[in-house]
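>
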Amino acid sequence: MNYSQTLEFLFTSLPDFESKGVMDYKPGLDRIVAFCRHLGNPQRNFFTIHVAGTNGKGSVAHIIASVLQQAGYRTGLYTSPHLTDFRERIRVDGEMIPKQKVVNFVDKHHDKMVELELSFFEMTTAMAFDYFAQSDVEVAVIETGLGGRLDATNLIVPVLSIVTNIGLEHADLLGDTLPKIAAEKAGIIKKSIPVIIGEANPRYNEIFEQVAASNKSKVIYAEQEFVCEARQQGGERQHFTLKRTRDGHQFDVELDLHGEYQIHNIITASAAIDFLHEETPLTISRRAFLAGAYDAAASTSLRGRWQQIGESPLMICDTGHNAHGIAYVAEQLKNTPYKKLFCVIGFVRDKDLAHILPLLPHDAHYLFTQAQTARSLPADELAAKAAIYGLQGEAVSTVSEAVTKARNLASSEDMIFIGGSTYVVAEAL
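Per my numbering: the sequence shown = residues 667 to 1095.
Have a look at this one:
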(Lines of atoms letter the chains of each structure in order from A and count residues from 1; the text may use other names and numbers.)
(Lines give C-alpha, C1' and ligand atoms only; values in the text may rest on other atoms or scores of the structure.)
Protein backbone atom coordinates (compact mmCIF):
# COMPACT_ATOMS: atom_id res chain seq x y z
CA MET A 1 0.00 0.00 0.00
CA ASN A 2 1.06 3.59 -0.59
CA TYR A 3 0.39 6.32 1.99
CA SER A 4 -3.05 7.27 0.62
CA GLN A 5 -4.15 3.63 0.59
CA THR A 6 -2.81 3.17 4.11
CA LEU A 7 -4.86 6.10 5.40
CA GLU A 8 -7.93 4.77 3.63
CA PHE A 9 -7.47 1.45 5.43
CA LEU A 10 -7.04 3.19 8.79
CA PHE A 11 -10.06 5.44 8.43
CA THR A 12 -12.47 3.00 6.79
CA SER A 13 -11.50 -0.48 7.97
CA LEU A 14 -10.84 0.12 11.66
CA PRO A 15 -13.58 1.12 14.11
CA ASP A 16 -13.13 4.89 14.52
CA PHE A 17 -14.95 6.71 17.33
CA GLU A 18 -13.68 10.13 16.24
CA SER A 19 -15.43 10.12 12.88
CA LYS A 20 -18.23 7.63 13.48
CA GLY A 21 -19.16 8.06 17.15
CA VAL A 22 -20.32 5.83 19.98
CA MET A 23 -20.98 2.74 17.87
CA ASP A 24 -17.25 2.52 17.09
CA TYR A 25 -16.00 3.14 20.62
CA LYS A 26 -14.13 0.05 21.87
CA PRO A 27 -13.19 0.43 25.55
CA GLY A 28 -10.87 -1.95 27.38
CA LEU A 29 -7.18 -2.78 27.35
CA ASP A 30 -7.10 -6.43 26.27
CA ARG A 31 -6.60 -5.71 22.56
CA ILE A 32 -3.92 -3.04 22.96
CA VAL A 33 -2.08 -5.13 25.56
CA ALA A 34 -2.04 -8.11 23.21
CA PHE A 35 -0.90 -6.02 20.25
CA CYS A 36 1.86 -4.24 22.19
CA ARG A 37 3.06 -7.64 23.42
CA HIS A 38 3.20 -8.66 19.73
CA LEU A 39 5.34 -5.55 19.09
CA GLY A 40 7.70 -6.34 21.97
CA ASN A 41 6.13 -3.83 24.41
CA PRO A 42 7.82 -0.75 22.94
CA GLN A 43 6.10 1.50 25.52
CA ARG A 44 8.53 0.18 28.16
CA ASN A 45 11.58 1.66 26.43
CA PHE A 46 11.17 5.27 27.57
CA PHE A 47 9.84 7.39 30.43
CA THR A 48 6.24 8.53 30.00
CA ILE A 49 4.02 11.30 31.35
CA HIS A 50 0.29 10.54 31.09
CA VAL A 51 -2.15 13.44 30.58
CA ALA A 52 -5.94 13.18 30.91
CA GLY A 53 -8.73 15.69 31.44
CA THR A 54 -11.82 17.17 29.86
CA ASN A 55 -10.08 20.29 28.53
CA GLY A 56 -6.55 21.61 28.39
CA LYS A 57 -4.79 18.26 28.14
CA GLY A 58 -3.53 19.04 24.64
CA SER A 59 -2.07 22.40 25.63
CA VAL A 60 -0.51 20.95 28.79
CA ALA A 61 0.96 18.02 26.88
CA HIS A 62 2.47 20.31 24.22
CA ILE A 63 3.93 22.72 26.80
CA ILE A 64 5.57 19.87 28.73
CA ALA A 65 6.92 18.30 25.53
CA SER A 66 8.40 21.63 24.42
CA VAL A 67 10.11 22.08 27.79
CA LEU A 68 11.54 18.55 27.70
CA GLN A 69 12.92 19.22 24.21
CA GLN A 70 14.58 22.37 25.49
CA ALA A 71 16.01 20.35 28.38
CA GLY A 72 17.85 18.23 25.80
CA TYR A 73 15.71 15.08 25.91
CA ARG A 74 14.63 13.28 22.76
CA THR A 75 10.91 13.73 23.27
CA GLY A 76 7.89 11.89 21.92
CA LEU A 77 4.45 13.48 21.87
CA TYR A 78 1.22 11.56 21.25
CA THR A 79 -2.02 13.55 21.00
CA SER A 80 -5.41 13.40 19.34
CA PRO A 81 -7.34 14.24 17.30
CA HIS A 82 -5.37 15.69 14.41
CA LEU A 83 -6.51 18.81 12.58
CA THR A 84 -5.28 18.49 8.99
CA ASP A 85 -2.74 15.64 8.87
CA PHE A 86 -2.98 12.23 10.55
CA ARG A 87 0.74 12.40 11.37
CA GLU A 88 0.19 15.36 13.74
CA ARG A 89 -0.72 12.77 16.38
CA ILE A 90 2.78 11.26 16.56
CA ARG A 91 5.80 13.56 16.88
CA VAL A 92 9.42 13.24 17.94
CA ASP A 93 11.11 16.51 18.89
CA GLY A 94 8.26 18.35 17.18
CA GLU A 95 8.59 16.50 13.86
CA MET A 96 5.71 14.38 12.57
CA ILE A 97 6.17 10.68 11.95
CA PRO A 98 7.29 10.20 8.29
CA LYS A 99 4.67 8.91 5.86
CA GLN A 100 6.79 5.88 5.01
CA LYS A 101 6.91 4.87 8.70
CA VAL A 102 3.10 4.86 8.78
CA VAL A 103 2.96 2.73 5.63
CA ASN A 104 5.62 0.31 6.89
CA PHE A 105 3.91 -0.17 10.25
CA VAL A 106 0.53 -0.97 8.70
CA ASP A 107 2.04 -3.25 6.06
CA LYS A 108 4.01 -5.19 8.66
CA HIS A 109 1.25 -5.56 11.25
CA HIS A 110 -1.91 -5.47 9.11
CA ASP A 111 -2.90 -9.09 9.69
CA LYS A 112 -2.41 -8.90 13.47
CA MET A 113 -4.44 -5.70 13.71
CA VAL A 114 -7.28 -7.31 11.80
CA GLU A 115 -7.03 -10.50 13.87
CA LEU A 116 -7.27 -8.53 17.14
CA GLU A 117 -10.02 -6.26 15.73
CA LEU A 118 -8.15 -3.17 16.85
CA SER A 119 -9.86 0.20 16.83
CA PHE A 120 -8.36 3.14 14.95
CA PHE A 121 -7.20 4.69 18.23
CA GLU A 122 -5.65 1.45 19.49
CA MET A 123 -3.71 1.06 16.27
CA THR A 124 -2.55 4.67 16.37
CA THR A 125 -1.48 4.37 20.01
CA ALA A 126 0.57 1.25 19.32
CA MET A 127 2.10 2.89 16.25
CA ALA A 128 3.20 5.83 18.40
CA PHE A 129 4.82 3.58 21.01
CA ASP A 130 6.60 1.59 18.30
CA TYR A 131 7.86 4.70 16.50
CA PHE A 132 9.06 6.28 19.74
CA ALA A 133 11.05 3.15 20.59
CA GLN A 134 12.57 3.03 17.09
CA SER A 135 13.47 6.71 17.35
CA ASP A 136 15.35 6.31 20.65
CA VAL A 137 12.92 8.60 22.46
CA GLU A 138 13.95 9.17 26.07
CA VAL A 139 10.66 10.54 27.40
CA ALA A 140 7.18 10.70 25.85
CA VAL A 141 4.16 12.79 26.74
CA ILE A 142 1.05 10.68 26.15
CA GLU A 143 -2.42 12.25 25.97
CA THR A 144 -5.44 10.04 26.61
CA GLY A 145 -8.05 9.78 23.92
CA LEU A 146 -11.32 9.46 25.83
CA GLY A 147 -11.69 8.97 29.56
CA GLY A 148 -8.77 7.24 31.21
CA ARG A 149 -9.49 3.94 32.94
CA LEU A 150 -10.33 2.07 29.73
CA ASP A 151 -8.38 4.28 27.33
CA ALA A 152 -5.91 2.50 25.06
CA THR A 153 -3.05 4.63 26.40
CA ASN A 154 -3.61 3.33 29.92
CA LEU A 155 -1.25 0.36 29.60
CA ILE A 156 1.73 2.66 30.25
CA VAL A 157 3.33 3.02 33.67
CA PRO A 158 4.28 6.71 33.73
CA VAL A 159 6.58 8.66 36.03
CA LEU A 160 3.72 11.14 36.49
CA SER A 161 -0.01 11.21 35.83
CA ILE A 162 -1.85 14.49 35.17
CA VAL A 163 -5.57 15.26 35.12
CA THR A 164 -6.15 18.83 33.92
CA ASN A 165 -9.80 19.22 34.93
CA ILE A 166 -13.21 17.54 34.81
CA GLY A 167 -16.26 18.73 32.90
CA LEU A 168 -19.37 17.12 31.45
CA GLU A 169 -18.50 15.39 28.19
CA HIS A 170 -19.29 12.01 26.60
CA ALA A 171 -21.85 11.42 29.34
CA ASP A 172 -23.16 8.37 27.48
CA LEU A 173 -19.73 6.72 27.78
CA LEU A 174 -18.11 8.19 30.89
CA GLY A 175 -21.05 9.01 33.15
CA ASP A 176 -23.59 11.79 33.58
CA THR A 177 -22.10 13.51 36.65
CA LEU A 178 -18.72 15.07 37.44
CA PRO A 179 -17.91 12.42 40.09
CA LYS A 180 -18.63 9.60 37.62
CA ILE A 181 -16.46 11.19 34.93
CA ALA A 182 -13.75 11.89 37.51
CA ALA A 183 -13.77 8.21 38.47
CA GLU A 184 -13.08 7.28 34.83
CA LYS A 185 -10.28 9.85 34.48
CA ALA A 186 -8.83 8.76 37.85
CA GLY A 187 -8.34 5.35 36.27
CA ILE A 188 -4.96 6.54 34.95
CA ILE A 189 -3.59 6.69 38.51
CA LYS A 190 -1.05 3.91 38.99
CA LYS A 191 0.40 2.39 42.16
CA SER A 192 2.88 4.74 43.85
CA ILE A 193 2.82 7.15 40.87
CA PRO A 194 1.91 10.73 41.87
CA VAL A 195 -0.96 12.49 40.11
CA ILE A 196 -1.27 16.22 39.49
CA ILE A 197 -4.77 17.72 39.44
CA GLY A 198 -4.77 20.89 37.36
CA GLU A 199 -8.04 22.43 38.52
CA ALA A 200 -9.33 21.38 41.91
CA ASN A 201 -13.08 21.18 42.52
CA PRO A 202 -14.88 20.09 45.70
CA ARG A 203 -17.29 18.11 43.51
CA TYR A 204 -14.58 15.67 42.45
CA ASN A 205 -11.44 16.14 44.60
CA GLU A 206 -12.48 13.33 46.93
CA ILE A 207 -12.73 10.90 44.01
CA PHE A 208 -9.09 11.44 43.07
CA GLU A 209 -7.98 11.30 46.69
CA GLN A 210 -9.76 7.97 47.25
CA VAL A 211 -8.32 6.36 44.10
CA ALA A 212 -4.87 7.73 44.89
CA ALA A 213 -5.02 6.49 48.48
CA SER A 214 -5.96 2.99 47.32
CA ASN A 215 -2.88 3.07 45.05
CA LYS A 216 -0.63 4.66 47.69
CA SER A 217 -0.13 7.55 45.27
CA LYS A 218 0.36 11.20 46.16
CA VAL A 219 -2.14 13.82 44.96
CA ILE A 220 -0.63 17.19 43.99
CA TYR A 221 -2.97 20.11 43.39
CA ALA A 222 -1.29 22.39 40.83
CA GLU A 223 -3.00 25.51 42.15
CA GLN A 224 -1.45 24.89 45.57
CA GLU A 225 2.01 24.61 44.03
CA PHE A 226 1.93 27.66 41.75
CA VAL A 227 -0.08 30.90 41.81
CA CYS A 228 -0.47 33.32 38.93
CA GLU A 229 0.06 36.82 40.31
CA ALA A 230 -0.26 38.67 37.00
CA ARG A 231 -1.16 38.02 33.37
CA GLN A 232 -0.68 40.29 30.36
CA GLN A 233 -1.36 39.76 26.69
CA GLY A 234 1.37 41.28 24.57
CA GLY A 235 1.63 40.71 20.84
CA GLU A 236 2.48 37.12 19.96
CA ARG A 237 2.72 35.91 23.56
CA GLN A 238 1.07 36.03 26.95
CA HIS A 239 3.15 37.01 29.97
CA PHE A 240 2.53 35.33 33.32
CA THR A 241 4.10 36.09 36.67
CA LEU A 242 4.00 32.79 38.55
CA LYS A 243 4.93 32.27 42.20
CA ARG A 244 6.01 28.89 43.52
CA THR A 245 4.32 28.61 46.88
CA ARG A 246 6.84 26.39 48.67
CA ASP A 247 9.58 29.02 48.51
CA GLY A 248 7.95 32.17 47.10
CA HIS A 249 10.16 32.06 44.01
CA GLN A 250 8.79 34.03 41.06
CA PHE A 251 8.95 33.06 37.39
CA ASP A 252 8.22 35.49 34.57
CA VAL A 253 6.89 33.13 31.90
CA GLU A 254 6.07 33.99 28.30
CA LEU A 255 3.80 31.58 26.42
CA ASP A 256 3.05 31.56 22.68
CA LEU A 257 -0.43 30.13 23.25
CA HIS A 258 -3.34 32.54 23.40
CA GLY A 259 -6.60 32.54 25.33
CA GLU A 260 -7.26 33.56 28.92
CA TYR A 261 -7.91 29.91 29.81
CA GLN A 262 -4.20 29.17 29.28
CA ILE A 263 -3.64 30.47 32.80
CA HIS A 264 -4.91 27.10 34.07
CA ASN A 265 -2.72 25.18 31.63
CA ILE A 266 0.51 27.03 32.41
CA ILE A 267 -0.05 26.47 36.14
CA THR A 268 -0.68 22.75 35.57
CA ALA A 269 2.34 22.41 33.28
CA SER A 270 4.54 24.35 35.73
CA ALA A 271 3.57 22.05 38.60
CA ALA A 272 4.30 19.01 36.39
CA ILE A 273 7.69 20.30 35.26
CA ASP A 274 8.64 21.21 38.83
CA PHE A 275 7.74 17.70 39.99
CA LEU A 276 9.63 16.04 37.13
CA HIS A 277 12.76 18.01 37.99
CA GLU A 278 12.52 17.48 41.76
CA GLU A 279 11.24 13.90 42.01
CA THR A 280 12.22 11.93 38.88
CA PRO A 281 15.47 11.13 37.04
CA LEU A 282 14.71 13.96 34.59
CA THR A 283 16.64 17.22 34.98
CA ILE A 284 14.90 20.38 33.76
CA SER A 285 16.61 23.74 34.23
CA ARG A 286 14.84 27.04 34.69
CA ARG A 287 16.21 28.07 31.28
CA ALA A 288 14.65 25.01 29.64
CA PHE A 289 11.30 25.71 31.34
CA LEU A 290 11.19 29.34 30.20
CA ALA A 291 12.45 28.60 26.67
CA GLY A 292 10.04 25.68 26.29
CA ALA A 293 7.04 27.79 27.29
CA TYR A 294 8.19 30.68 25.09
CA ASP A 295 7.99 28.52 21.95
CA ALA A 296 5.57 25.80 23.10
CA ALA A 297 3.19 26.10 20.13
CA ALA A 298 5.93 26.79 17.60
CA SER A 299 8.19 23.90 18.61
CA THR A 300 5.34 21.36 18.73
CA SER A 301 3.17 22.82 15.93
CA LEU A 302 0.12 23.16 18.19
CA ARG A 303 -2.80 24.93 16.48
CA GLY A 304 -6.42 25.77 17.13
CA ARG A 305 -6.11 27.23 20.64
CA TRP A 306 -7.54 30.75 20.40
CA GLN A 307 -5.53 31.01 17.20
CA GLN A 308 -5.67 34.18 15.12
CA ILE A 309 -5.99 33.32 11.44
CA GLY A 310 -6.91 36.74 10.06
CA GLU A 311 -7.13 40.45 10.79
CA SER A 312 -9.40 43.29 9.60
CA PRO A 313 -11.69 41.61 10.50
CA LEU A 314 -10.10 39.77 13.40
CA MET A 315 -10.56 36.01 12.83
CA ILE A 316 -10.09 33.58 15.72
CA CYS A 317 -10.57 29.82 15.83
CA ASP A 318 -10.66 27.59 18.90
CA THR A 319 -11.18 23.86 19.32
CA GLY A 320 -13.15 24.09 22.59
CA HIS A 321 -16.07 21.75 21.95
CA ASN A 322 -17.84 20.90 25.23
CA ALA A 323 -19.65 22.96 27.85
CA HIS A 324 -16.52 23.34 29.99
CA GLY A 325 -14.43 24.53 27.04
CA ILE A 326 -17.15 26.67 25.46
CA ALA A 327 -17.60 28.50 28.78
CA TYR A 328 -13.95 29.61 28.56
CA VAL A 329 -14.41 30.62 24.91
CA ALA A 330 -17.56 32.62 25.70
CA GLU A 331 -15.76 34.49 28.48
CA GLN A 332 -12.87 35.30 26.13
CA LEU A 333 -15.30 36.55 23.46
CA LYS A 334 -16.90 38.80 26.06
CA ASN A 335 -13.50 40.35 26.79
CA THR A 336 -12.49 40.84 23.13
CA PRO A 337 -13.28 44.22 21.52
CA TYR A 338 -15.23 44.22 18.24
CA LYS A 339 -17.99 46.19 16.56
CA LYS A 340 -20.03 43.13 15.55
CA LEU A 341 -19.45 39.42 16.12
CA PHE A 342 -19.97 36.69 13.53
CA CYS A 343 -19.73 33.06 14.68
CA VAL A 344 -19.12 30.14 12.33
CA ILE A 345 -20.29 27.26 14.51
CA GLY A 346 -20.82 23.53 14.07
CA PHE A 347 -21.07 20.55 16.41
CA VAL A 348 -21.08 16.77 16.27
CA ARG A 349 -24.32 14.94 16.96
CA ASP A 350 -23.44 13.59 20.40
CA LYS A 351 -22.78 16.97 22.07
CA ASP A 352 -25.07 18.04 24.91
CA LEU A 353 -26.23 21.24 23.24
CA ALA A 354 -28.67 22.01 26.05
CA HIS A 355 -25.64 22.82 28.22
CA ILE A 356 -23.55 24.39 25.45
CA LEU A 357 -25.84 26.71 23.45
CA PRO A 358 -26.95 28.87 26.42
CA LEU A 359 -23.29 29.77 26.99
CA LEU A 360 -22.80 31.35 23.56
CA PRO A 361 -23.16 35.15 23.10
CA HIS A 362 -26.61 36.37 22.08
CA ASP A 363 -25.36 39.50 20.31
CA ALA A 364 -23.67 37.58 17.49
CA HIS A 365 -24.82 36.66 14.00
CA TYR A 366 -24.38 32.90 13.60
CA LEU A 367 -23.50 30.93 10.51
CA PHE A 368 -24.48 27.43 11.57
CA THR A 369 -22.56 24.86 9.57
CA GLN A 370 -21.37 21.25 9.48
CA ALA A 371 -18.00 19.65 8.87
CA GLN A 372 -17.56 16.83 6.37
CA THR A 373 -17.75 13.95 8.83
CA ALA A 374 -20.51 11.47 9.51
CA ARG A 375 -20.71 12.65 13.12
CA SER A 376 -21.67 16.23 12.21
CA LEU A 377 -25.05 17.61 13.26
CA PRO A 378 -26.73 18.98 10.09
CA ALA A 379 -26.54 22.76 9.88
CA ASP A 380 -30.32 23.26 9.66
CA GLU A 381 -30.88 21.09 12.76
CA LEU A 382 -28.28 23.10 14.66
CA ALA A 383 -29.91 26.36 13.58
CA ALA A 384 -33.29 25.13 14.84
CA LYS A 385 -31.87 24.04 18.20
CA ALA A 386 -29.95 27.31 18.57
CA ALA A 387 -33.07 29.39 17.91
CA ILE A 388 -34.63 27.86 21.04
CA TYR A 389 -31.87 29.56 23.05
CA GLY A 390 -32.18 32.89 21.26
CA LEU A 391 -29.21 32.50 18.92
CA GLN A 392 -30.00 34.05 15.56
CA GLY A 393 -28.40 33.38 12.19
CA GLU A 394 -28.54 31.15 9.15
CA ALA A 395 -27.64 27.61 8.13
CA VAL A 396 -24.74 27.22 5.67
CA SER A 397 -24.06 23.75 4.33
CA THR A 398 -20.24 23.72 4.37
CA VAL A 399 -17.54 25.26 6.56
CA SER A 400 -15.75 26.91 3.64
CA GLU A 401 -18.99 28.56 2.48
CA ALA A 402 -19.75 29.69 6.03
CA VAL A 403 -16.29 31.25 6.47
CA THR A 404 -16.55 32.98 3.08
CA LYS A 405 -19.98 34.34 3.94
CA ALA A 406 -18.77 35.59 7.32
CA ARG A 407 -15.90 37.41 5.61
CA ASN A 408 -18.33 39.03 3.17
CA LEU A 409 -20.65 40.16 5.96
CA ALA A 410 -17.98 41.46 8.34
CA SER A 411 -16.38 44.89 8.26
CA SER A 412 -12.76 45.52 9.22
CA GLU A 413 -13.81 46.42 12.78
CA ASP A 414 -15.81 43.22 13.30
CA MET A 415 -14.75 39.81 14.59
CA ILE A 416 -15.27 36.32 13.19
CA PHE A 417 -15.09 33.36 15.55
CA ILE A 418 -14.84 29.80 14.21
CA GLY A 419 -15.39 26.80 16.48
CA GLY A 420 -17.76 24.44 18.25
CA SER A 421 -16.07 21.37 16.80
CA THR A 422 -12.48 20.31 16.12
CA TYR A 423 -13.64 19.28 12.65
CA VAL A 424 -14.97 22.77 11.89
CA VAL A 425 -11.67 24.34 12.97
CA ALA A 426 -9.72 21.77 10.93
CA GLU A 427 -11.62 22.62 7.74
CA ALA A 428 -11.27 26.36 8.39
CA LEU A 429 -7.51 25.95 8.77
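Idealized CB from N, CA, C, for every residue including glycine. Model, not experiment: these values are computed from the prediction.
Which residue comes first and which comes last in the beta strand (DSSP E) that contains Ile862?
Val861 to Ile863
> Can you tell which of Asp759, Gly833, Thr1070 and Arg815 has its C-alpha closest to the C-alpha of Asp802?
Asp759
> Cα-Cα, which of Asn867, Thr714, Phe675 and Tyr1089 is closest to Ala1040?
Tyr1089
> Could you give the distance in angstroms between the alpha-carbon of Ala963 and the alpha-carbon of Val780?
36 Å
> From Lys846, Leu1057, Ile828 and Ala1094, pick the residue whose C-alpha is nearest to that of Ala1020; which is it?
Leu1057
> According to DSSP, Phe1034 sits in a beta bridge with which residue or residues?
Ile1011 and Ala1061
> What did DSSP end up calling His924 once you bin it into helix, strand or coil?
coil
> Out of curiosity, what's the CA-to-CA distance linking Leu821 and Phe752?
23 Å
> Let me check understanding here. Comparing Cα to Cα, which of Val805, Asp940, Val1062 and Glu1060 lies closest to Phe892?
Asp940
> Just reading off the beta strand (DSSP E) that Tyr744 is part of, what are its end residues?
Tyr744 -> beta strand (DSSP E) spans Thr741 to Tyr744.
> Going by C-alpha distance, which of Thr1070, Leu1095, Arg912 and Gly722 is nearest Val829?
For the residues Thr1070, Leu1095, Arg912 and Gly722, the minimum Cα distance to Val829 belongs to Gly722.
> Identify which residue in Ala1045, Glu977, Lys884 and Asn1001 has its Cα closest to the Cα of Val1010.
Ala1045
> Taking only the alpha-carbon atoms, compute the straight-line gap between Leu673 and Asp918 and give it to the nearest angstrom.
43 Å
> Can you name, in chain order, every residue of its own chain whose Cβ lies under 8 Å from the Cβ of Ala902, other than the five neighbours on each side?
The sequence given here has Glu at residue 902, not Ala. So the qualifying residues of the chain are Asp922.
> Under a Cβ-count criterion, where at least 16 other Cβ atoms within 10 Å of its own Cβ denotes burial, should Gly914 be classed as buried or exposed?
exposed
> DSSP beta-bridge partners for His905?
Gln898 and Glu920
> Can you tell which of Val1065, Gly853, Tyr1004 and Gly991 has the C-alpha that lies nearest to the C-alpha of Tyr927?
Gly991
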